[in-house]
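In the numbering used here, the protein residues as written are 9 to 306. Each residue gets a CB set at the ideal place from its N, CA and C atoms; glycine is no exception. Single-structure report; data block below.
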Amino acid sequence: MNNVYAVSVVGPGALGCLFAGKLARAGFRVHLIDYQQERINRLSKSGIEIIEGDKTEKYYVHVTGHIPTMQNLIIILVKSYSTANLTLPPDTPVLTLQNGLGNVETLCKKTGAENILAGVTTEASTLIAEGKVRHTASGLTTFGSWTTASVKEPLEILEKAGFWVEITDSPSQIIWEKTAINAGINPLTAILNVPNGMLLKIREARELLRELVIEASKVAGTEGYRFSRSLVEVAEEVCEKTADNISSMLQDIRAGKRTEIDSISGEIFRRGTSAFLTTPRTKLVYQLVRSLEQREIT
């Protein structure tokens with residue numbers, strides 16, 4: 009592979025900085041896309057720091073407010089509520105690894121389904137400070153073509169950057185699976201202000217976790233998705249393996265920022281309603297997290 013290939017990473021958050029830094033380390037020409045000019049200026053000077061264990065490395069990438077043309081790959085890692093604001097160059101592979109439902113549909117309207125690759129990642133990264141992240145756990149990045157986009161070059165790019173990657177023929181299925189799991193873990197940790205593992209230690213919280221995942225799975229079922237394993241068991245395994253992790257939703261609440269509750273619980277509630285399926289617990293946690301957001305904002 010030609011290591012002067014150009015890759016744009018959209019979003020300077022925990023995962024965006026992790027991906028941009030690792031791609032730069034592998035020798036790619038990396039653009040990190042941000043929408044705040046002052047932060048662009050600061051990151052251009054300070055670079056990106058990645059902490060792994062007791063080792064810290066710094067990488068300098070091109071930080072800009074727009075996605076350049078002639079990119080070999082664009083990786084979307086902005087919050088789901090920012091997807092609609094993106095401007096994408098034509099005829100360029102776009103890989104979304106965002107949380108929640110609805111991102112792919114929005115991106116398809118912007119650039120065409122034939123350019124879209126979609127999936128999920130279990131890489132764990134925490135934003136310590138602006139442009140500085142701690143890579144807390146290596147994970148698996150799974151993606152596939154939404155319609156006809158080739159997976160070959162994006163796969164090679166990510167593997168060369170050191171990511172563990174799998175290709176799937178059903179990207180919509182794995183997005184639904186992760187969303188159903190997030191629908192249990194994220195809102196509860198945000199509401200209770202606890203790390204993931206605490207959900208297993210509090211009996212009532214564990215019951216709610218199970219009920220929320222079941223509601224989400226039922227809504228997925230109305231869209232034709234069936235899961236080969238119990239997502240309740242998977243959610244509990246995630247809580248156990250990431251016991252000390254602070255979910256991104258709780259991080260956002262603590263920082264007084266907007267969360268992605270709308271594309272997770274909100275979208276599940278809306279799709280359930282459209283299918284005449286009630287999701288009372290999902291609706292409740294959606295309302296509670298939205299209330300927490302408003303409390304922080306006001």
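- With fewer than 16 other Cβ atoms from the protein chains shown falling within 10 Å of its own Cβ, GLY61 counts as exposed.
- DSSP, reduced to helix, strand and coil, places LYS140 within a strand of the structure shown.
- Note on LYS87: 16 or more other CB atoms within 10 angstroms of its CB, so buried under the neighbour-count rule.
- For GLY280, the three-state secondary structure derived from DSSP is helix.
- With 16 or more other Cβ atoms from the protein chains shown falling within 10 Å of its own Cβ, GLN106 counts as buried.
- About 6 Å separates the beta carbon of ALA132 from that of GLY147, a gap short enough to meet the 8 Å contact definition.
- Note that the C-beta distance between ILE83 and VAL141 is not below 7 Å.
- At a Cβ-Cβ threshold of 7 Å, ALA126 and VAL112 count as neighbours.
- Cα atoms of VAL128 and LEU94: separation of roughly 19 Å, rounded to the nearest angstrom.
- Secondary structure at ARG234: coil, using DSSP grouped into helix, strand and coil.
- Using a Cβ-Cβ distance cut-off of 8 Å, the segment 248–264 and the segment 70–79 are not in contact, since fewer than three pairs of beta carbons, one from each stretch, lie closer than that value.
- Here DSSP, grouped into helix, strand and coil, assigns VAL227 to helix.
- Of the other Cβ atoms in all chains shown, 16 or more fall within 10 Å of the Cβ of LYS30; this residue is therefore buried.
- Residue nearest to LEU200 within the set LEU300, GLN79, LEU96 is LEU300 (criterion: CA-CA distance).
- Put simply, the backbone Cα of ILE41 is about 9 Å away from that of GLY24.
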